[in-house]
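In the working numbering, the protein residues as written are 3 to 256.
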């Protein structure tokens, strides 16, 4: 999808200046909410910034909210022993692992890892997704207790570029990959957030190459999230896997 098919809008007059500043930053036009010549509108509401798929209105808006809903619940109910992701990453006790989530997407796994005490860097190549993530992060940080801050950093960059430029002292213990693979069934990605994410970001045809770079930049392990029955990335057998109902986490030890 061309980024020319996106515009910025707002739901109240006092949000117009905010919308215009974002439009200038992203070099997108500002338009009214009723505009229908765009595929997507990035809309400032009273509560948050959201993306609206104009040509698929039944999907509804998508936004990042680390404070409420399932993510808010999981922050207060997340325990290492119950999280397959934590086991795959190697979270133990109070050991604060440095983790790079090279395919941040909606930021959910990054958030869970930060809740478990990891120092997380989220890499997101899509400027639109990065903008939504930044909005969610700003609202999260504004409400965080100073005594319990999360270590969650966002970088808008292509993962391969970012990882290749790291020097030895910057290598993380773990690199986490959750690439967007081409779906093979009509029932795949039925959740609206993932359908919108795919429309904005597309597939990750360079996933195999990114995986090879990750193996050279992680100190301890690379973890790859896959559909439960899907083949291993690059057909490379993992050292071990943690398998759930819908997904599994393949672990490659360094």
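For each residue, glycine too, the CB sits at the ideal point set by N, CA and C.
Mapping DSSP to helix, strand and coil, what is residue 223? Within the chain shown, numbered from 1, the residue matching residue 223 stands at position 221. In the structure shown, residue 223 sits in a strand (DSSP, three-state: E or B).
Tell me the DSSP secondary structure of residue 35 in three-state form. Residue 35 sits at position 33 when you count from the first residue of the chain shown. DSSP places residue 35 in coil when its eight states are reduced to three.
Between residue 191 and residue 62, what straight-line distance do the alpha-carbon atoms span, to the nearest angstrom? Position 189 of the chain shown, counted from the first residue, corresponds to residue 191. Position 60 of the chain shown, counted from the first residue, corresponds to residue 62. Reliability fails at residue 191, whose pLDDT of 45 lies under 50, so the model's placement of it is uncertain and the value that follows must be treated cautiously. Distance between the alpha carbons of residue 191 and residue 62: 15 angstroms.
Quick check: what's the CA-CA separation for residue 225 versus residue 96? Within the chain shown, residue 225 is the residue found at index 223, counting from 1. Within the chain shown, residue 96 is the residue found at index 94, counting from 1. Each residue's Cα considered, the two are about 20 angstroms apart.
Does the Cβ of residue 175 have 16 or more other Cβ atoms within 10 Å, making it buried, or fewer, making it exposed? In the chain shown, the residue the question calls residue 175 occupies position 173. Buried: at least 16 other Cβ atoms inside 10 Å.
Per the DSSP calculation, residue 255 is bridged to which residue(s)? Here residue 255 refers to the residue found at position 253 when the chain shown is read from its first residue. According to DSSP, residue 255 bridges with 223.
Unbroken beta strand (DSSP E) runs of length 3 or more, entirely within the stretch 111-170: which are they? Here the runs fully enclosed are 121-125 and 154-157.
Nearest neighbour of residue 245, chosen from 237, 39, 19 and 227 [CA to CA]: As a working note, residue 245 is residue 243 in the chain shown. For residue 245, the nearest C-alpha among the options comes from 227.
Report the three-state DSSP secondary structure of residue 28 (helix, strand or coil). Position 26 of the chain shown, counting from 1, holds the residue named residue 28. Note: residue 28 maps to helix in three-state DSSP.
Whole angstroms is fine: what's the gap from residue 155's alpha carbon to residue 101's? In the chain shown, counting from the first residue as 1, residue 155 sits at position 153. In the chain shown, counting from the first residue as 1, residue 101 sits at position 99. Rounded to whole angstroms, residue 155 to residue 101 spans 11 angstroms at the Cα level.
Answer with yes or no whether the minimum CB distance from residue 125 to chain B is below 8 angstroms. Given the protein chain composition of this structure (a single chain), no chain B is represented.
Rounded to whole angstroms, what's the CA-CA distance from residue 103 to residue 22? Just pull it up for me. To locate residue 103, count along the chain shown from 1; it is residue 101. To locate residue 22, count along the chain shown from 1; it is residue 20. So the alpha carbons of these two residues sit roughly 31 angstroms apart.
Once the 5 residues before and after residue 189 are set aside, which same chain residues still bring their CB inside 8 angstroms of it? Counted from its first residue, the chain shown places residue 189 at position 187. Any reading at residue 189 must be qualified, since the residue scores a pLDDT of 45, below 50, and its modelled position is unreliable; the value itself is stated next. Taken in chain order, the list of residues that qualify is empty.
Taking 6 angstroms as the limit between beta carbons, can you name the residues of its chain near residue 32, skipping five residues before and five after? Mapped onto the chain shown, residue 32 falls at position 30. Answer for residue 32: 10, 21, 22 and 25, listed in chain order.
If you follow the alpha helix (DSSP H) that residue 43 is part of, which residue opens it and which one closes it? Here the question's residue 43 lines up with position 41 in the chain shown. From DSSP, residue 43 is part of no alpha helix (DSSP H) but of the beta strand (DSSP E) over 42-46.
Assign residue 108 to one of three DSSP states: helix, strand, or coil. Within the chain shown, numbered from 1, the residue matching residue 108 stands at position 106. Note: residue 108 maps to coil in three-state DSSP.
Please classify residue 118: is it buried, with 16 or more other beta-carbons within 10 angstroms of its beta-carbon, or exposed? Within the chain shown, residue 118 is the residue found at index 116, counting from 1. By the 10 Å Cβ count, residue 118 comes out buried.
Taking only the alpha-carbon atoms, compute the straight-line gap between residue 7 and residue 55 and give it to the nearest angstrom. To locate residue 7, count along the chain shown from 1; it is residue 5. To locate residue 55, count along the chain shown from 1; it is residue 53. Approximately 11 angstroms, taken between the alpha carbons.
DSSP state of residue 56 mapped onto helix, strand, coil: As a position in the chain shown, residue 56 is number 54, starting the count at 1. If DSSP states are grouped into helix, strand and coil, residue 56 belongs with coil.
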